[in-house]
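J.: Here it is, the structure, as structure tokens.
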Amino acid sequence: MFDTLSDRLENVFSGLRSKGRLTDADIDATAREIRIALLEADVALPVVKAFIASVKERSKGAEVSKALNPAQQVIKIVNEELVNILGGETRRLQFAKTPPTVILLAGLQGAGKTTLAGKLGKWLKAQGHSPMLVACDLQRPNAVTQLQVVGEQAGVEVYAPEPGNGVGDPVSVALNSIENAKHAMHDVVVVDTAGRTGIDQEMMQQAIGIRDAVQPNEILFVIDAMIGQDAINTAQAFRDGVGFTGVVLSKLDGDARGGAALSVRHVTGQPIMFASTGEKLDDFDVFHPERMASRILG
Ligand code: GDP
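Here you go:
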């Protein structure tokens with residue numbers, strides 16, 4: 001996903017390697033090139049501005065280091081600022097003191113929520129939890145079946161409305177699932193919700209209704225990292241609508257320019273908690289800002 005950005009930054013840094021020391025003019029020129037590289041990667045403008053301002057200020061104020069040459073020093077600062085915009089520390093899931101912990105998934109249709117439910121279920125199980133997946137996406141044809149399929153692949157129980165009982169109402173399904181989880185000793189409930197292809201009030205109200213009924217411990221906003229600049233508007237709409245406590249970046253294996261992934265933390269103020277890198281249930285991990293920054297810088 002970040003190949004072009006990595007190449008561009010590598011070019012910027014290679015231009016610095018021959019320099020014995022950096023003047024303010026060198027730093028300004030470097031900052032301009034980094035700015036272009038980030039904008040071309042579709043990073044949102046406010047994020048680029050904040051990033052460049054920090055890099056410039058820190059590079060100009062940097063102590064002359066004996067251990068690092070000027071290029072290394074700038075790379076170190078860029079690396080630290082990348083880690084910063086990606087959220088700094090890894091943010092872990094918060095579990096409820098009294099189980100079950102309820103995790104609500106929200107996002108547009110096709111973002112990867114149902115797949116994520118399976119991934120999260122498998123991951124939670126590997127961490128020693130006993131998760132249950134709940135089918136509250138009753139809008140999309142086949143969403144319930146799809147969740148049952150990923151649940152089976154993950155070896156995780158799926159709670160779904162009985163077939164033949166009409167489509168059911170997602171709030172009752174969610175509430176019943178929690179009662180069911182308590183009886184069946186499941187300590188984490190992952191609730192899949194309906195998305196639409198664009199932001200729409202009905203979808204948002206439905207997610208809000210489920211949220212208010214089940215009072216989730218975490219609301220994870222799943223975002224397709226391939227959708228570019230649109231991702232930012234979508235993220236803001238979800239932040240202002242149902243709200244969320246963490247972000248899951250999906251489709252990081254795609255070949256889009258990756259700016260959404262780099263912008264979402266700064267723009268929404270919420271941490272990126274997990275990353276999905278493929279369609280298989282194992283293509284998933286906790287998000288580590290420092291590892292992502294190192295990957296971008298090669
Ligand atoms: P939902 O509508 O939000 O529930 O999205 P789905 O879970 O149905 O995912 C939509 C499509 O994206 C499916 O074809 C998934 O296999 C695919 N998908 C989900 N996550 C990833 C990912 O991390 N990488 C790739 N390449 N595809 C993914």
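When we follow UniProt numbering, the leftmost residue of the sequence shown carries the number 1, and every step to the right adds one.
We put the beta carbon where it would ideally sit given N, CA and C, even for glycine.
These figures come from a predicted structure and were not determined experimentally.
I need the straight-line Cα distance from GLN94 to ALA154, nearest angstrom please.
T.: Computed Cα separation, rounded: 22 Å.
J.: Who pairs with MET132 in a beta bridge, going by DSSP?
T.: Answer is GLU157, VAL189.
J.: Among LEU262, ALA237, PHE221, which has the Cα closest to the Cα of GLN112?
T.: Reading the sequence as shown, one finds Gly at residue 112 and not Gln. It is PHE221.
J.: Around the Cβ of ILE210, are there at least 16 other Cβ atoms within 10 angstroms (buried) or fewer (exposed)?
T.: The residue in question, ILE210, is buried, as its Cβ has 16 or more Cβ neighbours within 10 Å.
J.: Would you call the CB atoms of ASP192 and ALA117 closer than 8 Å?
T.: Yes, the Cβ-Cβ distance between ASP192 and ALA117 is below 8 Å.
J.: How far does the beta strand (DSSP E) with ALA194 in it extend, from its first residue to its last?
T.: Premise fails: ALA194 is in no beta strand (DSSP E) and is neither H nor E.
J.: With a 10 Å radius around its C-beta and 16 neighbouring C-beta atoms as the bar for buried, classify ALA174 as buried or exposed.
T.: Buried, since its Cβ has 16 or more Cβ neighbours within 10 Å.
J.: Is VAL222 near the ligand GDP, with its Cβ less than 7 Å from a heavy atom?
T.: Within the cutoff, so yes.
J.: Does the ligand GDP have even one heavy atom less than 7 Å from the beta-carbon of THR115?
T.: True, at least one ligand heavy atom lies under 7 Å from that Cβ.
J.: Thinking THR245 and ILE219 are a contact (beta carbons under 8 Å), I'd like their distance in whole angstroms, please.
T.: Confirmed, about 5 Å.
J.: Taking one C-beta from the segment 254-272 and one from the segment 138-155 each time, how about it: are there three or more such pairs within less than 8 Å?
T.: No: fewer than three Cβ pairs fall under 8 Å.
J.: Can you say whether GLU81 is buried or exposed, counting buried as having 16 or more other CB atoms within 10 angstroms of its CB?
T.: Buried, by the Cβ-count rule.
J.: Tell me which residues share the same chain as LYS122 and place their Cβ nearer than 6 Å to its Cβ, disregarding the 5 neighbours each side in the sequence.
T.: The residues are ALA154, LEU281.
J.: DSSP state of GLY61, grouped into three classes?
T.: Note: GLY61 maps to helix in three-state DSSP.
J.: For LYS56, is the classification buried or exposed, using 16 other Cβ atoms within 10 angstroms of its Cβ as the cut-off for buried?
T.: Looking at its Cβ environment, which holds 16 or more other Cβ atoms inside 10 Å, LYS56 is buried.
J.: Quick one: is the Cβ of GLN109 within less than 7 Å of any heavy atom of the ligand GDP?
T.: Yes, since a heavy atom of the ligand GDP falls inside the 7 Å radius drawn around the Cβ of GLN109.
J.: Tell me whether ASP255 counts as near the ligand GDP, meaning its Cβ is closer than 7 Å to at least one heavy atom of that ligand.
T.: Not under cutoff, so the answer is no.
J.: Determine, using beta carbons only, whether ALA194 and ARG140 come nearer to each other than 8 Å.
T.: Result yes, Cβ atoms of ALA194 and ARG140 sit closer than 8 Å.
J.: Kindly indicate which residue of ASN180, ILE272, LYS251, LYS97 has the alpha-carbon position closest to the one of PHE2.
T.: For PHE2, the nearest C-alpha among the options comes from LYS251.
J.: Who are the near neighbours of VAL267 in its chain, counting only those whose CB is closer than 8 Å to its CB and skipping five residues on each side?
T.: ALA44, PRO46, VAL47, ILE232, ALA235, GLN236.
J.: Using 10 angstroms around the beta-carbon of GLY87, count the other beta-carbons present and answer buried if the total reaches 16, otherwise exposed.
T.: That one is buried.
J.: Give me the DSSP bridge partner(s) of ALA275.
T.: Note: ALA275 sits in a beta bridge opposite LEU249, ASP285.
J.: Count the other CB atoms, across all protein chains shown, that sit within 10 Å of the CB of ILE36; report buried if there are 16 or more and exposed otherwise.
T.: With fewer than 16 other Cβ atoms within 10 Å, it is exposed.
J.: Straight-line CA distance for SER18 to ASP24?
T.: If I take the Cα positions, the gap works out to 16 Å.
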